[in-house]
Amino acid sequence: MIEARSLTKTFRDKKRGEIRAVEDLSFRVEPGRIYGLLGANGAGKTTALRLLATLLQPTSGTATVAGFDVVAEPARVRANVGFLATSTALYGRLTARETIAYFGRLNGLPDAEIAARIQRLADELDLHEFLDRRCEKFSTGMKQKTSIARTLIHDPAVMIFDEPTLGLDVMAARSVVRFVRECRARGKTVIYSTHVMSEVEKLCDTIGIIHGGRLLAEDTLAGLRARTGEQDMEEIFVRIAGTEAVA
Amino acid sequence: MNGKNIATVYGKELRDSLRDRRTLLSMIIIPLLVVPVLVYAVSRIGSRAYASAREEIPVVMLLGGADSPRTVAALRQSPRFRIVSEAAGYRQLISDKKIRAAVQIPPGFDAGLGAGAARPVVILHYQGELKSGFAVGEIEAFFRDVREKAVTASLAAHGLPASLVTPFAVQRENVAPPEKVGGNAIGGLVPYLIIMLCFTGAVYPAIDLTAGEKERGTMETLLCSPVARVDIVLGKFFTVLTSSLCAIGLSLLSMALTMALAGAGIGATVRGALPPLDPLGLAGVLAMVLPVAVLFSALLLTIALCAKSSKEAQTYLTPLAFVVLLPVAVGLLPGIELNSRLALVPILNLSLVCKEMLSGVWHWNYIALIFGSTCAYAGVALALAVRMFNREDVLFRS
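Residue numbers (numbering that gives the first Met the number 0), protein chains in the order written: chain A, 0 to 246; chain B, 0 to 397.
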């Protein structure tokens with residue numbers, strides 16, 4: 000489970016002064032559910048997810064992830080999180096097997112267990128063909144599959160996806176979406192950030208619309224449709240976030 | 000701090016680095032090749048240039064001497080140089096290296112020589128130019144002969160023996176072993192080379208493991224793991240240190256091999272360029288360079304981490320190379336002696352103490368002071384690296 004309570008993050012910029020990237024963000028995601036964080040570029044999605052993954056420390060407020068506090072127990076939070084983003088790349092000079100095994104070791108798994116899990120993940124994600132090839136030669140789809148295996152090696156209870164389909168072709172993006180659904184089916188708590196409206200419609204049980212670092216609305220797709228009187232997700236988003244958000 | 004996690008990060012980084020051609024180049028290839036290539040190139044090119052300059056018969060212009068036919072005839076007959084007649088603009092001709100020197104015979108030289116009152120002979124030359132220097136040497140040797148013959152003739156005329164002007168000879172005898180002689184001759188260059196390789200061996204991995212990772216997007220992947228940041232930075236630090244030490248170790252190995260080959264008579268010209276060095280002195284240099292390698296590794300890691308791309312990191316680290324080489328170059332200057340104040344100046348202290356150790360001088364108080372102070376600087380640099388690794392504005396700079 001994820002529970003964010005008044006999460007706030009400010010950055011200091013020499014030119015722009017103090018920037019509130021995330022402000023008073025509160026939401027809750029239950030196991031077996033996908034929470035979609037929808038927002039334009041620069042809305043604060045990535046900062047919010049980095050706070051949950053303990054890559055950044057909140058300026059105020061806190062969150063619990065899989066029962067652990069992000070401020071007090073960051074290492075235990077990370078041990079229970081799988082974080083997949085466009086900014087989380089692979090080591091080009093390592094093979095897919097070496098990469099996945101490395102993260103298994105970093106998560107404290109014994110070698111025998113790692114080998115067994117890699118075998119299982121390779122079966123599930125169809126990695127066998129390129130498992131022992133260096134990642135630098137991979138296609139985008141191969142890279143994405145390897146990244147997914149990397150996030151799953153320690154079988155985390157919580158999955159955090161930050162625009163995971165950005166820059167992917169249709170087939171690779173579809174396999175990511177399928178994988179996110181499988182995570183939900185396995186009972187994992189999933190938070191999924193995107194600015195692609197169609198993905199939100201397809202995937203998310205609850206949608207949070209974020210703009211200027213603030214959560215402007217949170218509901219199911221049906222709830223948001225009822226609230227705005229719009230059917231199309233893009234129209235819903237424009238209604239809530241205002242035209243500036245999508246400009 | 001978790002030793003197992005540090006070892007895991009170190010193992011991965013080392014494997015990753017060993018698959019990178021640029022790291023291999025700075026860590027293994029350059030240190031292995033730089034000493035033999037440098038020594039062979041310098042000795043071969045140097046000896047060839049010297050031999051070719053020596054073989055040339057210098058062209059020397061004769062100025063004056065119309066009333067000294069004996070001396071002029073002897074000069075023209077000498078096989079040591081080729082005399083050409085006076086021409087206008089001889090100073091420019093020397094500067095342009097058209098002639099190597101000019102010799103000015105004063106008026107009445109022959110007559111004055113017989114009476115023991117000749118005016119001085121003036122040699123015009125190009126200072127610092129090798130071939131002009133050889134010409135000057137030959138002319139001086141010629142006139143030394145002329146002087147000695149004049150003195151001998153004068154002594155004989157008075158019934159005195161020629162040995163009267165040289166009643167005794169002075170001979171030199173070296174008592175220092177060849178290793179110490181070698182240490183004195185190139186003792187300053189060895190630490191220069193080692194410090195340079197220690198630095199260059201650490202530069203590329205430091206950039207690749209920090210700014211390079213940020214640029215490629217793998218830093219964030221790594222930070223998502225439950226491993227503490229101090230473990231990550233130490234794993235990376237030990238990789239950079241390994242590369243630096245590897246560069247030093249291989250350069251010393253290649254230096255030893257080059258010396259052994261030269262000692263065995265393979266490449267005889269090398270012997271002059273790389274005299275034998277005291278193995279104990281070399282071991283001392285290696286021990287003293289260890290904390291400097293730690294200092295470089297931590298410092299380079301910290302600075303490179305502040306950059307958001309490899310290119311930016313290179314921009315930061317290139318000037319640092321000059322900062323490092325400046326104290327080493329100062330240490331090479333004659334007359335700079337190690338004292339308690341200089342013993343606290345990082346890198347310069349190492350350069351000076353290594354020069355002493357290779358010459359067989361062991362000032363244990365300075366050695367302890369230098370080792371201790373460098374360890375302290377290295378500790379501060381490492382603490383700084385860990386601190387920087389915990390700063391969000393450094394890790395997620397965009």
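Built from N, CA and C at the ideal position, the CB exists for glycine as well.
Q) Between B:L298, B:V189, B:S358, B:V322, which lies nearest to B:A380 when the distance is taken from Cα to Cα? A) Answer by Cα proximity: B:L298.
Q | Local Cβ density within 10 Å of B:E54, reported as buried at 16 or more and exposed below that | A | B:E54 comes out exposed.
Q: Take A:Q143 and list the residues in its own chain whose beta-carbon comes closer than 8 Å to its own, dropping the five residues that flank it on each side.
A: Excluding residues up to 5 positions away in sequence, P163, L167, A171, S174, V175 lie with their Cβ nearer than 8 Å to the Cβ of A:Q143 in the same chain.
(Q) Looking only at its chain, what residues have a beta carbon closer than 8 Å to the beta carbon of B:S398, apart from the 5 residues adjacent to it on each side? (A) Nothing can be reported for residue 398 of chain B: it is not among the residues displayed for chain B, which extend from 0 to 397.
Q.
As a quick exercise: from B:S25, B:L249, B:F108, pick the residue whose alpha carbon is nearest that of B:P68.
A. Among B:S25, B:L249, B:F108, the Cα nearest to that of B:P68 belongs to B:F108.
**Q.** N-terminal and C-terminal residue of the alpha helix (DSSP H) that B:F142 is part of
**A.** Unbroken alpha helix (DSSP H) run through B:F142: 129-156.
(Q) My parser needs the beta strand (DSSP E) runs of 3 or more residues fully inside the stretch 51-125 of chain B; what are they? (A) Here the runs fully enclosed are 58-63, 81-83, 100-104, 121-124.
Q. Which of helix, strand or coil does DSSP assign to A:G103?
A. DSSP places A:G103 in helix when its eight states are reduced to three.
Q. Is A:T87 close to chain B, meaning its C-beta is less than 7 Å from at least one C-beta of that chain?
A. So yes, A:T87 belongs to the interface.
Q) Given that A:N40 touches chain B, what residues does it touch there, using C-beta distances under 9 Å? A) Contact annotation for A:N40 against chain B: no contact, minimum CB-CB distance about 13 Å [criterion: below 9 Å].
Q: Spatial neighbours of A:T139 within its chain, please: CB distance less than 8 Å, with the 5 preceding and 5 following residues excluded, ordered by chain position.
A: The beta carbon of A:T139 sits closer than 8 Å to the beta carbons of G166, L167, D168, A171 from its chain, once the five residues preceding and following it are set aside; these are given in chain order.
**Q.** Cα-Cα separation between B:F80 and B:S25, rounded to whole angstroms
**A.** Taking the straight line joining both Cα atoms gives about 50 Å.
(Q) Tell me the rounded alpha-carbon separation between B:S131 and B:G10. (A) Using only the alpha carbons, I get a separation of about 60 Å.
Q. Under 7 Å between the Cβ atoms of A:R213 and A:E22?
A. Yes; because the gap between Cβ atoms is below 7 Å, this pair is in contact.
Q. Which residue comes first and which comes last in the beta strand (DSSP E) that contains A:L24?
A. Unbroken beta strand (DSSP E) run through A:L24: 16-28.
Q) Under a three-way DSSP split, which group does A:L37 fall into? A) A:L37 sits in a strand when the DSSP states are folded into three classes.
Q) Once you ignore the five residues that flank B:S350 on each side, which residues in its own chain have a CB closer than 6 Å to its CB? A) Answer for B:S350: P190, V327, G330, listed in chain order.
Q | B:A52 versus B:S46 - alpha carbon distance | A | Distance between the alpha carbons of B:A52 and B:S46 is about 10 Å.
Q.
Using the Cβ count rule (16 or more neighbours within 10 Å means buried), how would you classify A:E243?
A. Residue confidence is low: A:E243 scores 46 on pLDDT, short of 50, so the model does not pin down where it sits. Its coordinate-derived value is still stated next. Exposed, since its Cβ has fewer than 16 Cβ neighbours within 10 Å.
Q. For the candidate residues B:I29, B:A134, B:D15, whose alpha-carbon lies nearest to that of A:R92?
A. Answer by Cα proximity: B:D15.
Q. In angstroms, rounded to a whole number, what distance separates the CA positions of A:D110 and A:G103?
A. One C-alpha to the other measures close to 8 Å.
Q) Which residue comes first and which comes last in the alpha helix (DSSP H) that contains B:G2? A) For B:G2, the enclosing alpha helix (DSSP H) begins and ends at 2-17.
Q) For chain B, is any of its Cβ atoms less than 7 Å away from the one on A:Y101? A) Residue-level contact by beta carbon holds for A:Y101 and chain B, with a gap shorter than 7 Å.
Q) What is the residue span of the alpha helix (DSSP H) that B:L285 lies within? A) For B:L285, the enclosing alpha helix (DSSP H) stretches over residues 278-305.
(Q) Give me the DSSP bridge partner(s) of A:R133. (A) DSSP lists A:T94 as partners of A:R133.
Q. Taking just the CA atoms, how far does B:M60 sit from B:S84?
A. Near 6 Å, if we compare the C-alpha coordinates of B:M60 and B:S84.
(Q) Between A:A3 and chain B, is the shortest Cβ-Cβ distance under 7 Å, so that the two count as touching? (A) For A:A3, the answer is no, since every Cβ of chain B falls outside 7 Å of its Cβ.
(Q) Across the stretch 48-63 of chain A and the stretch 201-219 of chain A, are there enough close Cβ pairs to call them in contact, namely three or more that are closer than 8 Å? (A) Contact fails: fewer than three Cβ-Cβ distances are below 8 Å.
Q: Please state if the CB of A:T150 and the CB of A:L108 are separated by a distance shorter than 7 Å.
A: It is not a contact, given that the beta carbons lie outside the stated cut-off.
**Q.** Pairwise C-alpha distance: B:S224 and B:L2
**A.** The identity of residue 2 of chain B in the sequence shown is Gly, whereas the question assumes Leu. Annotation: B:G2 to B:S224 spans about 16 Å, alpha carbon to alpha carbon.
Q) From this set, B:E391, B:F198, B:L279, which residue's C-alpha is nearest B:P318's C-alpha? A) With distances taken between CA atoms, B:P318 lies nearest to B:F198 out of B:E391, B:F198, B:L279.
Q. How would you label B:L332, buried or exposed, when you count the other beta carbons within 10 angstroms and need 16 or more for buried?
A. Burial state of B:L332 is exposed, judged by a 10 Å Cβ sphere holding fewer than 16 other Cβ atoms.
Q) If we call anything under 7 Å between Cβ atoms a contact, is A:L105 one with A:T98? A) In this structure, A:T98 does not lie closer than 7 Å to A:L105 by Cβ.
Q) In whole angstroms, what separates the C-alpha of B:L341 from that of B:Q126? A) Spanning the two alpha carbons is a distance of roughly 35 Å.
Q) Counting pairs of Cβ atoms below 8 Å between the stretch 216-234 of chain B and the stretch 277-286 of chain B, do you hit three or more? A) With the cut-off at 8 Å, the stretch 216-234 of chain B and the stretch 277-286 of chain B do not touch.
Q: Give a yes or no on whether 7 Å exceeds the smallest Cβ distance from B:K307 to chain A.
A: Not an interface residue.
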